[in-house]
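Report on the following structure.
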Amino acid sequence: MNIQENTYYKKVFKKSWSFTNAAILLGLINVSMLAFTGKPWGVTTSFTYWGAWIMQAFGGHPEKWYFFQKKIDALNGGFFNDLHSLSNVGIILGALLATLLASRFRVKKIVSFHQLIPGIIGGLLMGYGARISFGCNIGALFSGVASMSVHGWMYWVFILIGASVGGIILEKYFM
789 MNIQENTYYK
799 KVFKKSWSFT
809 NAAILLGLIN
819 VSMLAFTGKP
829 WGVTTSFTYW
839 GAWIMQAFGG
849 HPEKWYFFQK
859 KIDALNGGFF
869 NDLHSLSNVG
879 IILGALLATL
889 LASRFRVKKI
899 VSFHQLIPGI
909 IGGLLMGYGA
919 RISFGCNIGA
929 LFSGVASMSV
939 HGWMYWVFIL
949 IGASVGGIIL
959 EKYFM
């Protein structure tokens, strides 16, 4: 039997999921992360640790920074003791696997240098914003709103404003 004709394969990998099914799955992941790690689901804090571990490998001392002084156990624990880091690797590998199974994997060249610059600037600003706002869309928005924290709702308002302004700037100057 050809897997591409399998009903379940088409339902899971080829067709779009309903918002309800996706919301249920995301909710289960969030509850599982809270149950197993004691912290709501988050992504960007682990990337901060990754950068610190790389810096330590080259002789740097991020443990002296204020941010890491409060999280020294996590910093000293290493990659395999940080369940959120392992979750991030799972997200990356899962996305790759889903893309491969859906026959959608493509390597694309950069369209123009004119589009590369705003992409780099936007990525740096998003990373910086994630650090000063209690996390990214997952940690600050999704987990914040799910835990009924005011910061999650404030994040939502300001991400809408920022995305609107960013879209206008992008369209006016870079498209």
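Its first residue numbered 789, the sequence shown is counted upward by one per residue in our numbering.
Glycine is no exception: its CB is placed at the ideal position from the N, C-alpha and C atoms.
Since the structure is predicted, the reported quantities are computational estimates derived from the model, not experimental observations.
Tell me the rounded alpha-carbon separation between residue i and residue j.
i      : j      : result
Pro906 : Ala951 : 14 Å
Lys852 : Arg894 : 42 Å
Ile788 : Asn876 : Outside the displayed range of the chain (789 to 963) lies residue 788, so it cannot be described from this structure.
Gly815 : Leu904 : 35 Å
Whose CA, out of the options, lies closest to the CA of residue i?
i      : options                        : result
Ala928 : Val831, Leu958, Gln857, Arg894 : Val831
Val909 : Phe867, Ser931, Gly954, Tyr796 : Position check: residue 909 holds Ile in this sequence, whereas Val was assumed. Closest option to Ile909, Cα to Cα, is Gly954.
Phe946 : Phe962, Met963, Met914, Glu959 : Met914
Check the C-beta distance from residue i over to residue j and give it rounded, since I have them as a contact under 8 Å.
i      : j      : result
Thr808 : His872 : No, Thr808 and His872 are not in contact; Cβ-Cβ is about 26 Å, not under 8 Å.
Ala890 : Leu863 : Between Leu863 and Ala890 the Cβ distance is about 37 Å, and since that is not below 8 Å, they are no contact.
Tyr837 : Asp870 : 6 Å
Ser931 : Pro828 : 3 Å
Can residue i be considered in contact with the ligand GDP, in the sense that its beta carbon sits closer than 7 Å to one or more heavy atoms?
i      : result
Phe846 : Judged by which ligands are present, the structure shown has none, so any question about the ligand GDP falls away.
Say whether chain D places a C-beta atom closer than 8 Å to the C-beta of residue i.
i      : result
Trp944 : This model lacks chain D altogether, as it is built from one protein chain only.
> Hey, is the segment 913-928 in contact with the segment 792-808, meaning 3+ C-beta pairs nearer than 8 Å?
Replying inline: no
> Which ranges does the alpha helix (DSSP H) cover as unbroken runs of at least 4 residues, wholly within the segment 805-841, from first to last along the chain?
Replying inline: 807-825
> At what residue ranges does the segment 902-945 contain a whole run of the alpha helix (DSSP H), taking only runs of 4 or more?
Replying inline: Counting only runs of 4 or more, we get 931-934.
>> Ignoring anything shorter than 4 residues, give me the alpha helix (DSSP H) runs that lie fully in the segment 831-897, in order along the chain.
In response: 832-845, 854-857, 860-865, 871-889
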